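Engineer: Below you'll find the structure I mean.
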Amino acid sequence: WHWQILPNRLNHALNLIAQEVGAHASNMHFFVNANTATSTVFKSMPWCVGDRLLMLSCDYDATKLAGTFLRDHHGVEVVYVDIDLPMEDAAILQAMEKKIKECRDDQGGLPKLANFCHVTSKSAWIFPVRAMTALCHRYDIPVCIDGAQAPGHVELNIIDIGADYYIGTVHKWMYSCQGCAFISVHHTKHHSIQPLVASTYAGEGYDKEFRHTGRF
């Protein structure tokens with residue numbers, strides 16, 4: 090069951106979800122929740138003391154705490170873009186680019202990663218994530234999007250958004266059972282991410298490593 094039936098059922102489920110969220114199933118894997126997926130991305134980055142993580146002031150509280158962990162354990166500077174909702178999309182992009190330019194022009198340099206939410210948890214504000222991703226990529230900043238509130242809530246096309254890492258849940262507005270979240274990792278970034286738990290398949294690539302994380 091573990092080695093034949095379960096993988097086939099997981100593949101089937103991933104293919105169904107991929108169709109709904111506009112993603113490639115080969116880029117996706119399941120997680121128990123969005124927080125675990127976010128920490129997986131954050132802890133996979135090769136941080137050095139003084140590196141920067143760009144976030145929004147309205148990001149999810151647990152995501153901010155994951156940033157605090159990086160600050161306390163790796164010496165990462167968490168840089169926040171001040172967002173005072175309601176804001177027009179153009180104003181959000183302007184504030185974000187202003188902060189990126191400030192980082193570029195001072196000694197600390199550009200952020201190593203940008204993280205922002207697609208839909209805020211507390212206020213359900215929908216961000217222009219496609220344009221925000223494109224803005225970050227113009228400055229060669231990889232993007233991780235917390236889309237926990239997006240699937241089933243807004244029309245979603247992860248491929249079109251273009252983020253390096255997109256995290257979503259199925260147990261919120263798609264009304265699945267609890268403990269069903271996912272990550273979609275752009276194929277050019279498969280090598281950059283590792284599970285939080287090393288298993289027998291450690292070092293054997295994105296697909297095997299995330300399908301067998303020591304939970305069986």
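So the sequence shown is numbered by the numbering used here: it starts at 90 and just counts up by one.
Virtual Cβ for every residue (Gly too), placed ideally from N, Cα, C.
Remember, predicted model here, so these are calculated numbers, not experimental data.
Going by DSSP, what residues sit across from Ala-203 in a beta bridge?
Structural biologist: Counting from one through the sequence shown, the residue named residue 203 turns up at place 114. According to DSSP, Ala-203 bridges with Leu-143 and Val-232.
Engineer: Could you tell me whether the Cβ atoms of Met-134 and Met-185 are closer together than 8 Å?
Structural biologist: If you number the sequence shown from 1, residue 134 lands on position 45. If you number the sequence shown from 1, residue 185 lands on position 96. No, the Cβ-Cβ distance between Met-134 and Met-185 is not below 8 Å.
Engineer: Return the chain-ordered list of same chain residues with a C-beta closer than 6 Å to the C-beta of Ser-146, the five sequence neighbours on each side being excluded.
Structural biologist: Within the sequence shown, residue 146 is the residue found at index 57, counting from 1. Closer than 6 Å at Cβ, skipping near neighbours: Tyr-169, Asp-171 and Ile-172.
Engineer: Indicate whether at least one CB of chain B lies closer than 8 Å to the CB of Asp-229.
Structural biologist: Among the protein chains of the structure shown there is no chain B, as only one such chain exists.
Engineer: Contact defined as beta carbons within less than 8 Å: I believe His-207 pairs with Asp-235. What is the distance between those atoms, to the nearest angstrom?
Structural biologist: Sequence index remark: in the sequence shown, residue 207 carries index 118 (1-based). Sequence index remark: in the sequence shown, residue 235 carries index 146 (1-based). The pair is a contact, with the Cβ atoms about 7 Å apart (cut-off 8 Å).
Engineer: Helix, strand or coil for Ala-270 per DSSP?
Structural biologist: Here the question's residue 270 lines up with position 181 in the sequence shown. Three-state result, Ala-270: strand.
Engineer: Considering only C-alpha positions, which residue in the set Ala-291, Ala-107, Ser-115 and His-101 is nearest to Thr-277?
Structural biologist: As a first step, residue 277 is located in the sequence shown; it is residue number 188 there, counting from the start. Checked all of Ala-291, Ala-107, Ser-115 and His-101; the closest Cα to Thr-277 is Ser-115.
Engineer: For Val-274 and Phe-131, I'd like the C-alpha separation in whole angstroms.
Structural biologist: If you number the sequence shown from 1, residue 274 lands on position 185. If you number the sequence shown from 1, residue 131 lands on position 42. Roughly 13 Å separates the two Cα atoms.
Engineer: Contact between the segment 147 to 160 and the segment 292 to 300 is defined here as three or more beta-carbon pairs at a separation below 8 Å; is this criterion met?
Structural biologist: These segments do not touch.
Engineer: Excluding five sequence neighbours on each side, which residues of the same chain lie with their C-beta closer than 6 Å to the C-beta of Val-218?
Structural biologist: Residue mapping note: residue 218 aligns to position 129 of the sequence shown, counting from 1. Answer for Val-218: His-207, Ile-234 and Ile-250, listed in chain order.
Engineer: Of the residues Arg-300, Ser-281 and Ile-282, which one's Cα is nearest the Cα of Ser-288?
Structural biologist: Residue mapping note: residue 288 aligns to position 199 of the sequence shown, counting from 1. Comparing Cα-Cα distances from Ser-288 to each of Arg-300, Ser-281 and Ile-282, the minimum goes to Arg-300.
Engineer: According to DSSP, what are the bridge partners of Thr-258?
Structural biologist: Taking the sequence shown and counting its residues from 1, the one referred to as residue 258 is at position 169. Answer by DSSP bridge pairing, in chain order: Ala-270.
Engineer: For His-118, does the count of other Cβ atoms within 10 angstroms reach 16, so buried, or fall short, so exposed?
Structural biologist: The count along the sequence shown starts at 1 and reaches residue 118 at position 29. Flag for His-118 reads buried.
Engineer: Measuring CB to CB, does Leu-142 end up less than 8 Å from Leu-159?
Structural biologist: In the sequence shown, counting from the first residue as 1, residue 142 sits at position 53. In the sequence shown, counting from the first residue as 1, residue 159 sits at position 70. Yes, the Cβ-Cβ distance between Leu-142 and Leu-159 is below 8 Å.
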